[in-house]
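Asks: Numbering (the numbering used here), first residue to last: 6 to 780. C-beta atoms are modelled at their ideal positions from N, C-alpha and C, and glycine is treated no differently. Quick caveat: nothing in here was measured; it's all calculated off a predicted structure.
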Amino acid sequence: MKLSFKLSPSFSLSMALLAGLASAPAFTQTAPAAVPAVSMSDKSAFIADLLGKMTLDEKVGQLRLISIGPEMPIAQLADEIAAGRIGGTFNSVNRPHNRQLQDAATQRSRMKIPMFFAFDVIHGHRTTFPIGLGLASSWDMDVVTSMARTAAKEASADAADMTFAPMVDISRDPRWGRTSEGFGEDPYLVSEIAKTVVRGFQGKLPIGPNNVMAAVKHFALYGAVEGGRDYNTVDMSPMRMYQDYLPPYRAAIDAGAGGVMVALNSINGVPATSNTWLMQDLLRKDWGFKGVAVSDHGAIVELTRHGVAKDEREAAKLAIKTGIDMSMADSVYLKELPGLVKSGEVSMTEIDNAVREVLGAKYDMGLFQNPYVRIGVAADDPPDLKADSRLSRPAARDAARKSVVLLENRNNTLPLSKTAKVALVGPLADAPIDMLGSWSAAGDYKASVTLRTGLVNAIGKNLIYARGANLTNDEEIVKYLNYLNWDSPEVTQDKRAPAAMIAEAVKAARRADVVVVAVGESRGMSHESSSRTSLDLPQSQRALITAMKATGKPIVLVLMNGRPLALQREQKEADAILETWYTGIEGGNAIADVLFGDYNPAGKLPISFPRSVGQIPIYYNHPRLGRPFTPGKPGNYTSQYFEEPNGALYPFGYGISYTDFNVSDVTLSSATMARGAKVEASVTVKNTGQRGGETVVQLYIRDVAASVVRPVKELKDFRKIMLKPGEEKVVRFTVDEEKLKFFNAQLQRVAEPGTFTVQIGLDSEAVKEKNFDLQ
Ligand code: BGC
6 MKLSFKLSPS FSLSMALLAG LASAPAFTQT APAAVPAVSM SDKSAFIADL LGKMTLDEKV
66 GQLRLISIGP EMPIAQLADE IAAGRIGGTF NSVNRPHNRQ LQDAATQRSR MKIPMFFAFD
126 VIHGHRTTFP IGLGLASSWD MDVVTSMART AAKEASADAA DMTFAPMVDI SRDPRWGRTS
186 EGFGEDPYLV SEIAKTVVRG FQGKLPIGPN NVMAAVKHFA LYGAVEGGRD YNTVDMSPMR
246 MYQDYLPPYR AAIDAGAGGV MVALNSINGV PATSNTWLMQ DLLRKDWGFK GVAVSDHGAI
306 VELTRHGVAK DEREAAKLAI KTGIDMSMAD SVYLKELPGL VKSGEVSMTE IDNAVREVLG
366 AKYDMGLFQN PYVRIGVAAD DPPDLKADSR LSRPAARDAA RKSVVLLENR NNTLPLSKTA
426 KVALVGPLAD APIDMLGSWS AAGDYKASVT LRTGLVNAIG KNLIYARGAN LTNDEEIVKY
486 LNYLNWDSPE VTQDKRAPAA MIAEAVKAAR RADVVVVAVG ESRGMSHESS SRTSLDLPQS
546 QRALITAMKA TGKPIVLVLM NGRPLALQRE QKEADAILET WYTGIEGGNA IADVLFGDYN
606 PAGKLPISFP RSVGQIPIYY NHPRLGRPFT PGKPGNYTSQ YFEEPNGALY PFGYGISYTD
666 FNVSDVTLSS ATMARGAKVE ASVTVKNTGQ RGGETVVQLY IRDVAASVVR PVKELKDFRK
726 IMLKPGEEKV VRFTVDEEKL KFFNAQLQRV AEPGTFTVQI GLDSEAVKEK NFDLQ
């Protein structure tokens, strides 16, 4: 939920104290009253000492994570905090407000334990970067780092200590609206991004003043909800879980994520929020996680609706015993835990275990040293939170152009000449809210450069604009989208008749040399709770494209969407297709950079594009079959749908360029690999075209025969390279045993002897291969 607050001058620390804080970062004025006996440098002794001094009610208060906003007005929140009944809040990135709340904790509460402040910082903070799928399309860890560092600096400067991110749920089902938030379908790519984001947000623990703690989410398997319907159940074999869905969470935790947010779904019959196997055996025991586990919004109470708790009391009992340290956005722990302890149903040790993690996280956020470390001093409060000077536009533009994927480019339609007359049409051509994408909680749509503005910046008067169509003509859908609790109205309808809008667009197209059609989804269509049964463009937009095609002018589709769409029809109609996802505040400029060739696109799909919704789930790394469909040799009794060709329309890893690249055959340093040894696999990649450009060289491995069914191939490494026209580079990958390991039927991670096929290419399908044997 997005909320924002106006600045208020009400804060209560004296200016003398604040002046002291400004010059000396260590907080000394209001350190917890009960602690001086123990040195702060020994984390566990310090926390044990604090715990020993807290009452049961104070302990339970620490486990409550409350949203600032309509749920509870700020004055009431301050009183609750002063009474020791709240441990942290989320949804406020307003320094005066957070200062007021921190004052209540450090001055008015008995224990003076500081609060922490959390916020959803998913793909940028004030500076909205491309959505997760866009960032993943860059396959560029410098881009990911740039987003995470920029976001951490901005969010910490806005008094946030923690973010509920990265969101690393693997999704193989684009019907799921939250696909947009994640980084796609591949365990390796998503894990690389997960690590990079955690490092960028928080660095090592304890985190610094310009960092925010990362709480990785949604643990676990949220992206595998049945049918892609949000909040639906998840049923999955352990092997698939370990092999494909769990690695990114693990990667984030191994990178040091201080927090975990627990998923809303159930897993094989047990909700994550009451799943002791998940939260204790796997997370804490196997993986060694030592941070804080927070529930998702209202998830503990939802245990009653899952039907595993008969009432809220039982829900609280289940959750605390499971190891859910903080209860988000409700009072269920506050209400129920004291009684449960008194009746002996919950032990004080169970309460202490949770409180220890909350205090530990506060310690790691540096809050005991200085509760105001990110709130700062009033004199430094920004006068205008949304000021343009606070934004990192160059970084956002760089990330945006690197997140764009060129899907089609017939007859070299792109890049366009800046002297060409361009007609720009489509409901997303001038849609500042949609540029931001889903979960851009602190993003301001007024800061968005729309495609229309970006094109005007690039070619001025050579642009002719006509809206051409509404997002959809289905008023029920518009009602749904506007019901989402956002900047209002989320979707604005042009009141003219569809035919009149199309007629205007046709007129514009006739005056132009080329037509750019900006189509796709409004951001609310790819959001939490926005699942779809169709992946088609809405009819209103399809009609517009067809009308544009009928003018005979070259058609460039600029897609804005938060999930793979089914584009068979559009593939036939369009001359060029650019998948831009939601590009963030600099999107219009970045897309113009690509359209006019100031930047040569190099994005690669992090998720497969199905031909139609019926193919779902479709993912490149699927298990081998006894009767696989063989391309080029269709036949009965092989695994296929008979109405459509098999396979993705655009496969994982795919994306073309304005230049051409040639990949040589694979060279291996050896045809055999001894245990503990390495084989080097290399190819020579040459830019055979006329322009400089980047591409992503991808390494896949196939285990030819193993004790269990293995995928047809799995991504194991990748390298992004830049090549000038005519230039070639040798790209070397090291293949070691680690890259050959998988979870066997006993869930042991092993590399089994036998033959492996190394596959290298510029997407997951067009690869060169060579075999070697592991001894
Ligand atoms: C979402 C989380 C989010 C939380 C707090 C929930 O509805 O599922 O991803 O972090 O709200 O805003």
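1. With H, G and I counted as helix, E and B as strand and the rest as coil, what does DSSP make of His223?
2. Quick one: does the C-beta of His302 sit closer than 6 Å to a heavy atom of the ligand BGC?
3. Please classify Phe647 as buried or exposed, where buried requires at least 16 neighbouring CB atoms within 10 angstroms.
4. Take Ala36 and list the residues in its own chain whose beta-carbon comes closer than 7 Å to its own, dropping the five residues that flank it on each side.
5. Please report the Cβ distance between Gly66 and Ile91, rounded to the nearest whole angstrom; I am assuming they are in contact, meaning their Cβ atoms lie under 8 Å.
6. Starting from Ala428 and walking both ways along the beta strand (DSSP E), at which residues does that stretch end?
7. Closer than 6 Å to a non-hydrogen atom of the ligand BGC - does that hold for the CB of Asp125?
8. Threshold first: 3 residues or longer. Then list the beta strand (DSSP E) segments lying entirely within the stretch 117 to 148, N to C.
9. To the nearest angstrom, how far is it from the Cα of Ala199 to the Cα of Asp259?
10. Are there any heavy atoms of the ligand BGC lying less than 6 Å away from the beta-carbon of Phe777, as far as the coordinates show?
11. What is the C-beta distance between Ala123 and Met172, in whole angstroms, given that I count them as a contact (C-beta under 8 Å)?
12. Using beta-carbon positions only, say whether Lys773 and Val668 come within less than 7 Å of one another.
13. Using a Cβ-Cβ cut-off of 6 Å (strictly less than) and excluding sequence neighbours within five positions of Glu85, which residues of its own chain qualify?
14. Is Gly766 helix, strand or coil when you go by DSSP?
15. Does the Cβ-Cβ distance between Leu411 and Ile661 come in under 7 Å?
16. Please confirm whether Asn566 and Gly525 have their CB atoms less than 7 Å apart.
17. Quick check: what's the CA-CA separation for Pro543 versus Ile136?
18. Hey, how far is the Cα of Ala29 from the Cα of Gln112?
19. Sort Val688, Thr677, Tyr624 and Ala320 by Cα distance to Gln780 and report the nearest one.
20. Given Arg100, which residues of its chain have a CB within under 7 Å of its CB, disregarding the five upstream and five downstream residues?
21. Using a Cβ-Cβ cutoff of less than 7 Å, which residues in the same chain neighbour Val714 once the five nearest sequence positions on both sides are dropped?
22. When you compare each of Arg568, Gly93, Pro636 and Ala710 to Asp789 by their alpha carbons, which one comes out closest?
23. What is the DSSP secondary structure of Phe51, counted as helix, strand or coil?
24. Taking the C-alpha atoms as reference points, what is the distance between Tyr624 and Ser531?
25. Could you compute how far the alpha carbon of Ile550 sits from the alpha carbon of Phe666?
26. For Met353, which residues from the same chain have a beta carbon less than 8 Å from its beta carbon, with the 5 sequence-adjacent residues on both sides left out?
27. Based on the DSSP secondary-structure assignment, which residues constitute the bridge partners of Lys734?
28. Report the rounded CA-to-CA distance for Val599 versus Leu364, giving the unit in angstroms.
29. Is any heavy atom of the ligand BGC found at a distance shorter than 6 Å from the C-beta of Phe169?
30. Pull up the distance between the alpha-carbon of Val461 and that of Thr424, whole angstroms please.
31. Compare the Cα-Cα distances from Ser613 to each of Asp178, Ala446 and Leu421 and report the closest residue.
32. What three-state label does DSSP hand Thr760 in the structure shown?
33. If I measure Cβ to Cβ from Ala320 and keep anything under 7 Å in the same chain, skipping five residues before and after, which residues do I get?
34. Rounded to a whole number of angstroms, what is the C-alpha to C-alpha distance between Asp778 and Ala446?
35. Of all the options Gly589, Met506 and Gln573, which has the alpha carbon lying nearest to the alpha carbon of Pro437?
36. Pull up the CB-CB distance for Ala523 and Val496, whole angstroms please, since I reckon it's below 8 Å.
Replies: Concretely, from the data shown:
1. strand
2. yes
3. exposed
4. Annotation note: pLDDT 44 at Ala36 (below 50); position unreliable, coordinate value reported separately. Cβ neighbours of Ala36 beyond the five flanking positions: none.
5. 6 Å
6. Val427 to Val430
7. yes
8. 121 to 124
9. 10 Å
10. no
11. Rounded, the Cβ-Cβ distance is 14 Å, inconsistent with contact.
12. yes
13. Ile91
14. strand
15. yes
16. yes
17. 22 Å
18. Any reading at Ala29 needs caution, since the residue's pLDDT is 29, under 50, leaving its predicted position unreliable; the model's value is listed next. Those two C-alpha atoms are separated by around 19 Å.
19. Thr677
20. Asp163, Ala164, Ile380, Gly381 and Asp386
21. Pro628 and Arg629
22. Residue 789 lies beyond the residue range present for the chain, which begins at 6 and ends at 780; the question has no answer from this structure.
23. helix
24. 19 Å
25. 31 Å
26. Leu61 and Val346
27. Val690
28. 48 Å
29. yes
30. 12 Å
31. Asp178
32. strand
33. Ile305, Val306, Leu308, Thr309, Ala314 and Val337
34. 50 Å
35. Gly589
36. Wrong, their Cβ atoms sit about 15 Å apart, outside the cutoff.
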